[in-house]
Every structure is written in C-alpha cells, then in structure tokens.
Amino acid sequence: MSVTEDTRLAAIEAVGTYIPRYRLSADVVTEAWGQFHGAGISETAVPAADEDTLTMGYEAATRVLDASDIDPTTIDGLFVGTTTPPTEEEAMGPRLASMLGLGEETKTRQFTGSTRAGVEALLAGSQRAKRRTLVIATDAPRGAPDDEQEHAGGAGAAAAVLGPSGAGQLPEHAEYVEVYPGTRFRSAGSTETTGLGITEYDRSAFIETVTKATAALDSDPTDADAVALQSPNGKLPYRTAGELGVETETIQQGTVVHAIGDTGTAGPLLGLASALTAGANRVLLLGYGSGGNATALTVVDEGIEVASTPIDEMETVGLSYGEYLRLRGEITAGEPAGGGAYVSVPSWKRTIPQRHRLVAGRCPDCGVLSFPPTGACPGCGALVDYEPAELPGTGTVEAVTAIGQGGAPPEFVEQQAKSGPYVSAVVALDGTEGSETVSIPAQVVSVDPEEVAIGDRVTATVRRLYTQEDVTRYGFKMQPTDR
Amino acid sequence: MRDVYLIGAGQTAFGAFPQRSYRDLFAKAYQHARKRVDGDIETKDIDEAVVGSLGVGGRQLGLSGPAVTEHVGLQNIPCTRVENACAAGGFAVRQAVQAIRSGMADVVLAGGFEVMSDLSSEMTKYWLGVSGETEWERLTGTTFSGVYAQMASAYLDTYDATVEDLSRVAVKNHKNGAKNPKAHLDFECSLEDAVGAPEVANPLNLYHCCPTSDGAAVALLASEDVVGEYTDDRLRVAGVGAASDHVGLAERDSYVGLAATETAAQTAYERSGVGPDDLDFAEIHDCFAIAELLAYEDLDFCERGEAAKLLREGITEPDGDLPVNTSGGLKSKGHPIGATGTGQMVEVFDQFTGQAGDRQLDSPRYGLTHNVGGSGGATVVHVFENEGVKR
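Sequence lines, in order, name chains R and G.
Just so we're aligned: 46 in my numbering is position 40 of the first sequence, and the numbers increase by one with no gaps anywhere.
Just so we're aligned: 1605 in my numbering is position 210 of the second sequence, and the numbers increase by one with no gaps anywhere.
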C-alpha cells in the first residue's frame, strides 16, 4: 500500500460523455416482472441496435475532441477501459484510433476484466506525464433477465484527454487489494454478468476496498466537493458515506447511476463529468473492481473543459418491455439464412478511411470531390489519383425512405427486427471548400423515422453497419445535427 | 444497314411455378413463339440465340444460355447469355438486332428466363439486391424497394404528386393485367386497396411494388432479306437506344429521373424517326410505381413533373391517347427478371397482330418498349413500327 504524491503526472484537459437515447424505467420492469432489482435506480440507458461499447466510446471521445478543438494527431496514447468489449478477443484500439484519426504511432492499451478498468485506464494515462493521452471508459453490462445485474445494467461512455497542460491535476492516488471472490463475475463465453448475491459479503467487499484505498490518500475525503464512485446500483455508493466520513450529498454530486443505470467502467468518470458541471473543484474518484480491489484518485479542477454530462443529455426515448426485449435481441430471430451482400474483409479494409473518417478524394485536374474516391472523376470523367480530402461530416438529406418490415435485405433483417423501421437516405455531404457537396447513401439514426425529411441537416457518427462472418463492420451513419 | 423484323414472340404465363425448371419454362416459351410465326419456322432456321437471365434464383449458373438452347434442340448455334439485371431480356433483343443488322445472322432468337419463386423469401431478397450498388448503397440497408422509395421521396418533394398518384399506377396496370391470361397477378385492385396497403419502404407500399415471378419469353427476329419466308406481317424494329448510368443512386446527378432512359429514348426516337407523339402504345418498366412516373418524363411523354397528370387524366389508360402497359406491366403481368424484356416483345406482337384479346388496341402502328436494369444502371428502349401486310 502506498500513498503517492507524483508531481510528474499528466493532468486532465477535458472530459466528455455519451449515453444512448433509449431508457428502460424501473416501472416498466416492475410491470413485467412484478419487481425491480436495481436498487436506487429509476431508469437505465439502453444502446440502440447498432450501438456497442466501441461506438459509444467513439461518441464520447468525439465530443471531447470537438468541444476542446483538440487535433487528434497531437494525441499519441489511446487507453480504453471496458468490461464488455464487442469481441472477447481482438482489441478495440485499432478501430477506435482509425475512427478518431489518431496517428500510427499511438500507444493503444485496453483495460478489462473489472469495472475498475475505467479508473485504471485514467490512472495509466496520467502516468504518461509528458504525452497527450485519450482515455475512454465505455460499458454496457448485462445480466440474466430477472437478476439485479440486468435490472441495474445501463450503458454509457466517458472520455478524457490528459496531457502536461491539463487543468485537472491528479495530485494523489492509491490502491487497495483484498481477495473477495464471487461478488460479481462473468464466466468465459457468457454475456451475462452475475454474482452470488450474498448481500452483506458483497457490501463488505465494496466498502472495505474503497474505504481503505481512500484512507491511503494523503488528503482527507471530507475535503472533496464530490465523490465519484463505482455504482453497481443506486444504493451501494451511499452505503460508503459513513465509512468515508462524507455527506451523502457529496456522493450524490458524483453519482449518476439513478438516471442511466450501472455503466460499469464508465460510471466513476461519468460521475466526475457530472460533478464538475455542478461546480465541484475537488473530486474523489473511486474505482472498484470485483475480485476485489479499488483505486482512489483525487482530481483538483482548475478549468477542465466539460464537453457533455450524462444527465442533461439528448432527449430520451422510453421503451416498453417488449421494445426492450426486441432492442436487446432477446426475442428476435437473428440473421436469416440466405446470406447478405458479400463484401470481403480485405475489400472492406480498403474502404475504412471512408467508412470511419469520410475521407473523400479531390480530383487533381478539375478539383471536384469524389466519394468514395475511386473510379472516374465525377467532374471531368478522367481516371485520376485523388488527393485525400477529409470531409467535415455535416450534410443535408436529399432523398429518404424508412425501411419497414419486409423491405430489409437479409443482413439488415436483425437490425429491423430490433429497432423497427430504419431510415436510409441519400445525403449531400458538405465539402471542404465553398458550397461544394458530394452525395452518399447513409442511414440516419437517433431520430424517429417519420421525422426525417428532405432538407434536414445531419451530422456523421460511427455505428455498427452489419456483421458478416462474425466480423462487425463499423461505418459512418448520420444523425440530426441538433443531437 | 438491314432492317430487322419481329416475326414471332411467345411466352409462358408469368407466375409462381416453383416446381418448374428454367429449361422447361424456356422450352414452353420457345414452342409458343415458333407457333406464332405465320409460316411456321424450323429449328434449323435459327442462326443464333441471345438469352437474358440474372442467375436463375441466385444459383450462379455458368452457361445457362446453351443449357436452354441445347435443351430445345437448337444445337450447335452460337448462344450468348446477357446479364444486365432486370434489363437482360431487353438487351438480348438489342444484341439480336445487332447480329442481324451486321449480317452475321438472318434469324436470331432473343430469349429470357428466370425462376425466382423456389427460394425462401430471405434468399430472394439477398439475390435481388445484388444488382444494386452493394458496397455502399446496400450497406445502408436498402434493396431496390428502398432505392426507388428514395427516388419517390425526392419526386414527391419536388413535384406536385402524391402517394395516391403512385397508387393509380397499380390500379391501371392491375386493370390491364386482369385481362391478360399470362399475367401473374391477374386481378383488379381499387384505389383504396392501393393506397392502404402495408408499407414496404416509405412512401412505397406493397401495391407500389411488382411481384417476383417465374417465366420465360422468346422473341424471334429476322432480317429484311428473309422475313418474307416466315410472315406477311411487317413488324419492323424501327429504332433501338440503350445507355448506362452509375449503379448507385447517390452517384447520379438527378434522383427524379433516369438519365439512362432519357438517353436511350432520345437515341431510339432519332434512329426511328418516330417521336413520343406518334406512339400508339408503350410497355414500360414499372418495377415500382414511381418508375412508371419517372419513365413518362424520361421517355418524353410529358414535361418534367407532369407525369401524375397523365395518370389522373387517364391518358395512359387503354382508351387514352397513349396506353401504357396494356399487358399489365411488371406490376400485374409480373417480373421474371431475365424474361421481362422479351415478355414486352410478346405484348408488342399481340397488339400488332390483333391477338391481344380483351386488351386489343385499335390498329396500333407505333409501339415502344422500355426495360431498365437495377435502379437505372442500364436501360434499353425499342421503337417498333407495324408496316402492315406485304405479300
């Protein structure tokens, strides 16, 4: 056990968050099950059919970079923490680095296996004292349909940029480890997190580790304006108040679980963003991992840029329990037989700069934009070597349809079954010069299908497009610009 | 350049025949076409064959052309399969015309066939989408209904037309198809039915989409040098036009018209010396209701934005100034991909030779056929003239 005063740590420059727009309320679950096991939680966030921890992490990171106007090429570290990566093996880093436009020299790390992984990633990022590191904590834990992990399980992501010139100092950190098997775990091959549910034992594991880690810090926890604490449910964080010696209001300042559910690795960082927005200057950040161990960090804010916070997010959409089961894929049939349009992975790889970052091509002869930048120039008809031109990612809907049941090709039947009608459009993407545009086909998401009309302004994001041969293809989709 | 004449055309009924093979369907169409040649025609008289097919139910068969011609006893002749998606049949006719005009052949069979109904619905959708732009357009979750729906959205946004106008196409074509013994969906529908049907891809509903059909159709064409050996009727191929366009909609300059159709039509009108005002009927590619509206404008039947008026005023009804799709069109007669273009030849032959039964028009002289591949990536237009009887 150690208490560290490490002046060489990098500091937090900016934080941002992303929460999916769908919500499942405790009332709806109670109606379906007769009870709700997510103590202290009123609603949980549910990812859309084309979202996962990778796309949520991308969204949170994009918000931070955009809000602080940070050039992605100045970042050379990408540290991701999640308990629910889209694939158990195959790192998220390369895809995220590509989507975010980070350089080829970027150090990518993935922290997993414990809800503490978000705080671990932040701490590891801060230890790159003279470098700029992007830290992403993203999670969407699930459980068995009738258990507390499922009822509490939410979804969300937080991202932070750390660097030598950050305004959020991390003057101290400490860890504590004490073996507590069985409080929360996910067996190999399972998608459901579970636990033995031994209430007193689970509580001891949590309270002992976070309290001891905090005690190992130099400062007194009562100095903190807010405590941003791991939140497996909405009650456990508050149970620590007595042991930590802080007011429940102080914990409330850094706790968001009641409105979005258990966001796993992202929870403490989402709480931090929330506390900073509420005006906290000194935040005690506490990551807890089943097993068990805890990490305590003090954040001293002298002007951290907060791009977004989890609570005052976009407008939310409440789900019925049936809609929830559809969206989660619990009662959908999966991809039908018959196969889809086959795009081989190597040919897909060739188009990744376009799919991830909208890299168009400019004709060196006539200057007209082409997207994708292959084939004869749409302006002069010549076969040219295009000059890369990264588009800003905004555009206008030119033609639009909502694909109903029966209208989807087989590889999109599952998306249709999960989310209902989806919008497929032709969008005139803004170019980089003057009023030029280049048109592309794209889905429009995060909006009710009937609300999308010709002339609407839309902005690019990245979502799951489809999965073939178990390899998920991610690419840009558009969403209303006011999102 | 030698003139080319349509001397016979025949087809199977279009419909769902999952138990029939594509060779069997082709044989029936071939026999029907031969029977309809006035002076009969021997197998040995046919110099060459060009057949259109997308792929027989997604089974990527190689050499399906010779497989059908050899099956019917057309042995040892050159046979080429043409693939231009839903325009394969129309392009087969164009290839036949080229072969005859060049002097390489005197009598050429242009055929088409497809078997689609023996597949699961998902397999059918998988397969149909492959003629679109698969790397970008399809990966936004569209098949053709989605892409034509996008065109419809742009059209309804640009011009004074409504979903009800789209439904008028279904009502008209079903009314015609109900009189066609070869039609797949040979029933009438009310405007109410055609407006209230379940949505497939907004704004298109089920009645705005043609069925997928099985069937085969065969046209027999002959040079001016030998036409008299087979028939006294002179049904001349007056002009042919064809063009291509970007396969993906987003790459095109306009979403409210098919540039390939416009070009193909202009070429066919110029070469034939026949204009849209001269036409007595037209068989056009109404795979989706919006396609018929776009075609009216692309084929210069009316000004841009005026297509709905033609429907509202009954101009394209059988008793109107320019009857369109007296056969029932793709909507009612059916759409067996590779056979659709040659199936249009059967309607031309029926109308010119007075064999159209309840659909018969009053002595038409000029007719036009219009066949589109995919969402407009390939189009072929033929103009025909009935020169009357020569002995």
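From the three backbone atoms N, C-alpha and C, an ideal C-beta is built for every residue, glycine too.
Given this structure, state the Cα-to-Cα distance separating residue i from residue j, to the nearest angstrom.
i: R1786 (chain G); j: T1711 (chain G); result: 34 Å
i: C1604 (chain G); j: T357 (chain R); result: 33 Å
i: K424 (chain R); j: M98 (chain R); result: 24 Å
i: A1751 (chain G); j: G1498 (chain G); result: 32 Å
i: I1685 (chain G); j: L1561 (chain G); result: 6 Å
i: T490 (chain R); j: G335 (chain R); result: Nothing about residue 490 (chain R) can be reported from this structure: the residues present for chain R run from 7 to 489 only.
i: A1565 (chain G); j: Y1602 (chain G); result: 6 Å
i: V21 (chain R); j: E1587 (chain G); result: 56 Å
i: G1485 (chain G); j: E1780 (chain G); result: 17 Å
i: V432 (chain R); j: A405 (chain R); result: 5 Å
i: R115 (chain R); j: D229 (chain R); result: 33 Å
i: P1606 (chain G); j: C1481 (chain G); result: 13 Å
i: W1522 (chain G); j: A1487 (chain G); result: 21 Å
i: V1399 (chain G); j: S445 (chain R); result: 43 Å
i: D460 (chain R); j: T467 (chain R); result: Sequence check: residue 460 (chain R) is Ile here, not Asp. Whole-angstrom Cα-Cα distance: 19 Å.
i: T1737 (chain G); j: R469 (chain R); result: 44 Å
i: V333 (chain R); j: A54 (chain R); result: It should be noted that the sequence gives Leu, not Val, for residue 333 (chain R). About 7 Å.
i: V167 (chain R); j: V141 (chain R); result: 6 Å
i: Y1554 (chain G); j: G1700 (chain G); result: 5 Å
i: Q96 (chain R); j: T465 (chain R); result: It should be noted that the sequence gives Glu, not Gln, for residue 96 (chain R). Whole-angstrom Cα-Cα distance: 29 Å.
i: P177 (chain R); j: T304 (chain R); result: 6 Å
i: V1784 (chain G); j: T1721 (chain G); result: 23 Å
i: G1468 (chain G); j: R1629 (chain G); result: 27 Å
i: G1623 (chain G); j: P378 (chain R); result: 54 Å
Can you tell me whether DSSP reads residue i as helix, strand or coil?
i: Y472 (chain R); result: strand
i: E1708 (chain G); result: coil
i: D224 (chain R); result: coil
i: V1775 (chain G); result: strand
i: A32 (chain R); result: helix
i: S1770 (chain G); result: coil
i: M1740 (chain G); result: helix
i: F85 (chain R); result: strand
i: M7 (chain R); result: Confidence in M7 (chain R) is poor, its pLDDT being 37 and thus under 50, which makes the residue's placement unreliable; the coordinate value appears in the next sentence. M7 (chain R) falls in the coil class under three-state DSSP.
i: E1443 (chain G); result: strand
i: T1537 (chain G); result: coil
i: F42 (chain R); result: coil
i: A1408 (chain G); result: coil
i: Q215 (chain R); result: Here residue 215 (chain R) turns out to be Thr, not Gln, going by the sequence shown. Correct three-state label for T215 (chain R): helix.
i: Q236 (chain R); result: coil
i: G1591 (chain G); result: helix
i: A1428 (chain G); result: helix
i: K1728 (chain G); result: coil
Can you have a look at residue i and say buried or exposed, based on whether 16 or more other CB atoms are within 10 angstroms of its CB?
i: E308 (chain R); result: exposed
i: R138 (chain R); result: buried
i: M105 (chain R); result: buried
i: T80 (chain R); result: exposed
i: D1714 (chain G); result: exposed
i: A37 (chain R); result: Reading off the sequence shown, one finds Glu at residue 37 (chain R), where the question assumed Ala. With fewer than 16 other Cβ atoms within 10 Å, it is exposed.
i: V1432 (chain G); result: buried
i: Y348 (chain R); result: exposed
i: S196 (chain R); result: exposed
i: P370 (chain R); result: exposed
i: R1563 (chain G); result: buried
i: A1773 (chain G); result: buried
Give the interface partners of residue i over in chain A, defined as CB-CB distance under 7 Å, in chain order.
i: P352 (chain R); result: No chain A appears in the structure shown, which is made up of the protein chains R and G.
Would you call the stretch 118-138 of chain R in contact with the stretch 249-263 of chain R, where contact means no fewer than 3 C-beta pairs closer than 8 Å?
no
Under 8 Å: do the stretch 440-450 of chain R and the stretch 1399-1406 of chain G share three or more Cβ pairs, one atom per stretch?
no
Quick one: complete alpha helix (DSSP H) runs, 4+ long, within the stretch 1554-1585 of chain G?
1558-1572
Between the stretch 1632-1646 of chain G and the stretch 1521-1540 of chain G, do at least 3 Cβ pairs fall closer than 8 Å?
yes
Sufficient close CB pairs (3 or more, under 8 Å) joining the stretch 404-418 of chain R to the stretch 1592-1611 of chain G
yes
In chain order, each alpha helix (DSSP H) run of at least 4 residues that lies wholly inside the stretch 352-392 of chain R:
358-363
Runs of alpha helix (DSSP H) wholly within the stretch 68-117 of chain R (minimum 4 residues, chain order):
99-106
Which runs of the alpha helix (DSSP H) spanning at least 4 residues fall entirely within the stretch 247-273 of chain R, listed in chain order?
247-250, 254-259 and 263-266
Only counting runs of 4 or more residues, tell me where the alpha helix (DSSP H) segments fall wholly within the stretch 140-197 of chain R, in order along the chain.
154-158
Enumerated in chain order, which unbroken segments of the alpha helix (DSSP H) with a length of 4 residues or greater are wholly contained in the stretch 1446-1524 of chain G?
1459-1466, 1483-1497 and 1516-1524
Is it true that the stretch 66-79 of chain R meets the stretch 27-44 of chain R, where meeting means three or more beta-carbon pairs spaced less than 8 Å apart?
no
Should the stretch 1766-1774 of chain G be called in touch with the stretch 1703-1710 of chain G, which here means at least 3 C-beta pairs below 8 Å?
no
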